[in-house]
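What follows is a single structure, written as structure tokens, with notes after it.
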Amino acid sequence: MATNQATVIDQHDGHDPALLHHFATKEQQKNSASLGMWVFLAQEVMFFGGMFCAYLVYRYKYFGDFGSASQTLNIWYGAINTAVLLCSSLTVVLAVRAAQLSKRKALTAWLLLTIVLGLVFLGIKGIEYKEKFEDHHVPGPSFAYHGTVPSHPDIQVDPHHAEIYFSLYFAMTGMHAVHMIIGVGLFGTLAFWAWRGKYSANYYTPIENAGLYWHFVDIVWIYLFPLLYLIDRHR
Amino acid sequence: MTEPAISQTGATRDDSPHEHVSSIGSSVAIWIVLLICTGLTAGVAFIDLGPFNTIVALSIATFKAILVVLFFMHVKYTHEKLTGLVIASAIFFLFILLALSMADYGTRLWR
Numbered sequence: 000m001a002t003n004q005a006t007v008i009d010q011h012d013g014h015d016p017a018l019l020h021h022f023a024t025k026e027q028q029k030n031s032a033s034l035g036m037w038v039f040l041a042q043e044v045m046f047f048g049g050m051f052c053a054y055l056v057y058r059y060k061y062f063g064d065f066g067s068a069s070q071t072l073n074i075w076y077g078a079i080n081t082a083v084l085l086c087s088s089l090t091v092v093l094a095v096r097a098a099q100l101s102k103r104k105a106l107t108a109w110l111l112l113t114i115v116l117g118l119v120f121l122g123i124k125g126i127e128y129k130e131k132f133e134d135h136h137v138p139g140p141s142f143a144y145h146g147t148v149p150s151h152p153d154i155q156v157d158p159h160h161a162e163i164y165f166s167l168y169f170a171m172t173g174m175h176a177v178h179m180i181i182g183v184g185l186f187g188t189l190a191f192w193a194w195r196g197k198y199s200a201n202y203y204t205p206i207e208n209a210g211l212y213w214h215f216v217d218i219v220w221i222y223l224f225p226l227l228y229l230i231d232r233h234r
Numbered sequence: 000m001t002e003p004a005i006s007q008t009g010a011t012r013d014d015s016p017h018e019h020v021s022s023i024g025s026s027v028a029i030w031i032v033l034l035i036c037t038g039l040t041a042g043v044a045f046i047d048l049g050p051f052n053t054i055v056a057l058s059i060a061t062f063k064a065i066l067v068v069l070f071f072m073h074v075k076y077t078h079e080k081l082t083g084l085v086i087a088s089a090i091f092f093l094f095i096l097l098a099l100s101m102a103d104y105g106t107r108l109w110r
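Protein chains in written order, with numbering that gives the first Met the number 0: chain A, 0 to 234; chain B, 0 to 110.
See the structure below:
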């Protein structure tokens, strides 16, 4: 084993095998990976930004219809899912911490707990989608909507305007759920490699970058919750 | 031959980045604040504040997002200044997207 270690180090001109040849120091290597992740997340901001922009335009245009359609959502599903995501963000923070302290078992456990919380979120989302199908609130040929504008019981909501709200609801929560599924898959792979002992204080960039991704997905939901579930609740 | 090679590995390990390790206590504290904010934003939504309902909801959401970015995403402790530039430009271009779109759609009925 010692000879193998020496051979590996010889092949790398005496430096740490974890340092790739095109980087001067490990700090530079780590900062490059981190910066790349942040640029990717900036691109994700633009991606979700397009949908938030569409939401803003139509919320402004069909203000009362959006308020009415939003009130058909179950606030508890949204609130509990927010809490579940915040818990999973904490487990990710603790996973990164365990990696920094080279605690292999703790790292694996926190990653697995994150996966469980991610699946709980997706499960609750699935129940919610099922109810939307039963209520005919899924945009398409079977869409039906009856309601009045909040605090104006004499004004009927135009079903087409409500349909736009639900289109945005499914587009935004759907894309968010896709990101969650990717995240769960990502953490599954990382948990496998973490259990095999690939990550330690010496090298944990994938854990940290996957964590950044997960926190970003959390932030998207932090905005989706008030915009989709909480508008016009007081009326 | 083996000895110097390994000690050299030790030397490279020493100049590996000194990253901030977040304490369990502060992480849990931030998490509790985030959960309280979630309860707060859900509760406030049922109180009639007129046009301020949306403003309060988005302010709380932004406060939560800032907490996540600074503490959970370790931006408060990063040595890499370019991270701040990337975040600032993302927010700036998102603002341009939303502001210029609304400058169009929001003023179409003006005569």
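Where is the CB? At the ideal position from N, CA and C, for every residue including glycine.
Going by beta carbon distance, what residues of the same chain come within less than 7 Å of His178(A), once the five residues before and after it are set aside? Counting from 1 along the first sequence, the entry for residue 178(A) is found at position 179. Closer than 7 Å at Cβ, skipping near neighbours: Val216.
Cross-chain neighbours of Trp30(B) in chain A, by beta carbon under 7 Å: On the second sequence, position 31 is the one that residue 30(B) refers to. Under the 7 Å cutoff, chain A gives Leu85 and Leu89.
Backbone secondary structure at Asp153(A) - three-state DSSP: What you label residue 153(A) is simply residue 154 of the first sequence in a count that begins at 1. Asp153(A) falls in the strand class under three-state DSSP.
Proximal chain A residues relative to Gly105(B), where beta-carbon distance stays under 7 Å: Here residue 105(B) refers to the residue found at position 106 of the second sequence. Under the 7 Å cutoff, chain A gives Tyr59.
Nearest neighbour of Leu238(A), chosen from Phe165(A), Pro140(A), Val183(A) and Tyr198(A) [CA to CA]: Residue 238(A) is absent from the structure shown; chain A starts at 0 and stops at 234.
Below 8 Å, can you find three or more Cβ-Cβ pairs linking the stretch 61-68 of chain A to the stretch 139-152 of chain A? yes
Suppose you measure from the CA of Pro258(A) to the CA of His214(A); what does that come to, to the nearest Å? It is not possible to answer for residue 258(A), since the shown part of chain A is limited to 0 through 234.
Using a Cβ-Cβ distance cut-off of 8 Å, determine whether Leu39(B) contacts chain A. Here residue 39(B) refers to the residue found at position 40 of the second sequence. No, no contact with chain A.
Considering only residues of the same chain and omitting the five flanking positions on each side of Tyr198(A), which have a CB-CB separation below 6 Å? Numbered from its first residue, the first sequence carries residue 198(A) at position 199. Answer for Tyr198(A): Ala98 and Ile206, listed in chain order.
Could you pull out every residue in the same chain whose Cβ sits closer than 6 Å to the Cβ of Tyr228(A), ignoring the five residues on either side in sequence? Here the question's residue 228(A) lines up with position 229 in the first sequence. In chain order, Leu72, Ile74 and Gly77 place their CB closer than 6 Å to the CB of Tyr228(A), counting only its own chain and leaving out the 5 sequence neighbours on each side.
For Thr81(A), I'd like the list of residues in its chain whose CB is within less than 8 Å of its CB, leaving aside the five on either flank, ordered along the chain. Your numbering for residue 81(A) matches position 82 in the first sequence. Cβ within range, chain order: Trp220, Ile221 and Phe224.
Round the Cβ separation of Asn52(B) and Ala41(B) to the nearest angstrom and send it over; I've been treating them as touching at under 8 Å. Looking up residue 52(B) in the second sequence gives position 53. Looking up residue 41(B) in the second sequence gives position 42. Contact doesn't hold; Cβ gap of about 12 Å is too wide.
Does chain B have any CB closer than 8 Å to the CB of His233(A)? Numbered from 1 along the first sequence, position 234 holds the residue referred to as residue 233(A). Interface residue, yes.
What residue from Ile163(A), Leu85(A) and Lys104(A) has the CA that sits closest to Cys36(B)'s CA? Position 37 of the second sequence, counting from 1, holds the residue named residue 36(B). Per the Cα distances, Leu85(A).
Can you confirm whether the stretch 24-39 of chain A touches the stretch 68-84 of chain B when touching is taken to mean that 3 or more C-beta pairs between the two stretches lie within less than 8 Å? yes
Asp153(A), buried or exposed, once every other Cβ within 10 Å from all chains shown has been counted against 16: Numbered from 1 along the first sequence, position 154 holds the residue referred to as residue 153(A). Burial call: exposed.
Return the chain-ordered ranges of every beta strand (DSSP E) run that is complete within the stretch 136-185 of chain A and spans a minimum of 3 residues. 151-155
Under 9 Å between beta-carbons, which chain A residues line up against Phe91(B)? List them in chain order, please. To locate residue 91(B), count along the second sequence from 1; it is residue 92. None at all; the shortest Cβ gap to chain A is about 10 Å.
My guess is that Met174(A) and Met50(A) are in contact by the Cβ rule of under 8 Å, so how many angstroms apart are they, rounded? Your numbering for residue 174(A) matches position 175 in the first sequence. Your numbering for residue 50(A) matches position 51 in the first sequence. Their Cβ separation, rounded to whole angstroms, is 7 Å, which keeps Met174(A) and Met50(A) in contact under 8 Å.
Is the beta carbon of Leu108(B) closer than 8 Å to that of Leu66(B)? Taking the second sequence and counting its residues from 1, one reaches residue 66(B) at position 67. Taking the second sequence and counting its residues from 1, one reaches residue 108(B) at position 109. Against a cut-off of 8 Å, the Cβ pair of Leu108(B) and Leu66(B) comes out as no contact.
Along the chain, where does the alpha helix (DSSP H) containing Pro205(A) start, and where does it finish? The sequence position of residue 205(A) within the first sequence is 206, counting from 1. That run of the alpha helix (DSSP H) goes Thr204 to Leu223.
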